[in-house]
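Residue numbers (this note's numbering): 1 to 163. All C-beta atoms, glycine included, are put in the ideal place defined by N, C-alpha and C.
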């Protein structure tokens with residue numbers, strides 16, 4: 001039990017912090033439980049990923065697999081903090097570990113969907129995640145954004161790479 005919605009600080013364009021509105025998909029004390037799960041991290045980079053994360057609720061699992069949990073971020077798009085397409089907004093502690101190359105992600109607004117989401121999401125390595133984000137930043141165009149939005153539809157409908 002707990003609130004359905006919450007906000008969490010993220011880092012946006014030009015390193016500006018902003019609160020991202022999210023649907024809660026985990027138990028209320030998920031952050032407190034993370035320390036006990038770090039040995040089970042399946043990610044190959046600084047992000048934490050675990051296939052059957054015990055902190056994710058049953059409803060939360062459904063919301064994530066269908067990407068419904070991302071819908072509140074449309075508010076962030078309307079506020080101007082985010083774009084529909086772009087690199088995912090990072091947590092402040094993640095950006096502290098970035099080198100100058102990875103910090104290039106902050107040249108553009110973060111997005112709800114992006115190249116990573118349409119290229120495998122959770123099935124993608126951290127190296128590919130980084131490469132895709134930097135490619136997007138360096139090659140942004142309206143055509144690219146439209147292509148990513150079109151590719152997002154089947155990714156969401158068929159839950160490709162969703163966990």
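Original post:
Is residue 102 helix, strand or coil by DSSP?
Top reply: helix
**OP:** Out of 33, 67 and 85, state which residue places its alpha-carbon closest to the alpha-carbon of residue 146.
**Re:** 85
Subject >> Segments assigned beta strand (DSSP E), at least 3 residues, entirely inside the region 5-89 >> reply: 5-11, 17-23 and 83-85
Original post:
Can you tell me the Cα-Cα spacing of residue 18 and residue 79, whole angstroms?
Top reply: 10 angstroms
**OP:** Starting from residue 113, trace the beta strand (DSSP E) both ways and give me its first and last residue.
**Re:** 111-113
Subject >> Range covered by the alpha helix (DSSP H) that runs through residue 157 >> reply: 142-157
**OP:** Take residue 8 as the anchor and find which of 14, 1 and 24 has the nearest alpha-carbon.
**Re:** 24
Original post:
Who are the Cβ neighbours of residue 95 in its own chain at under 8 angstroms, not counting the five residues just before and after it?
Top reply: 11, 15, 103 and 106
Original post:
I think residue 168 touches residue 150, with their Cβ atoms under 8 angstroms apart; what is that distance to the nearest whole Å?
Top reply: Residue 168 lies beyond the range of the chain shown here (1 to 163); nothing can be said about it.
Original post:
In three-state DSSP terms, what is residue 92?
Top reply: helix
Original post:
Do residue 87 and residue 111 have their C-beta atoms within less than 9 angstroms of each other?
Top reply: yes
**OP:** Could you check if residue 83 is buried or exposed, using at least 16 other CB atoms within 10 Å of its CB as the buried criterion?
**Re:** buried
Original post:
Rounded to a whole number of angstroms, what is the C-alpha to C-alpha distance between residue 132 and residue 148?
Top reply: 12 angstroms
Subject >> Inter-residue spacing [alpha-carbon to alpha-carbon] between residue 71 and residue 2 >> reply: 19 angstroms
Subject >> Same chain, Cβ closer than 6 angstroms to residue 90, neighbours up to 5 away in sequence not counted >> reply: 11
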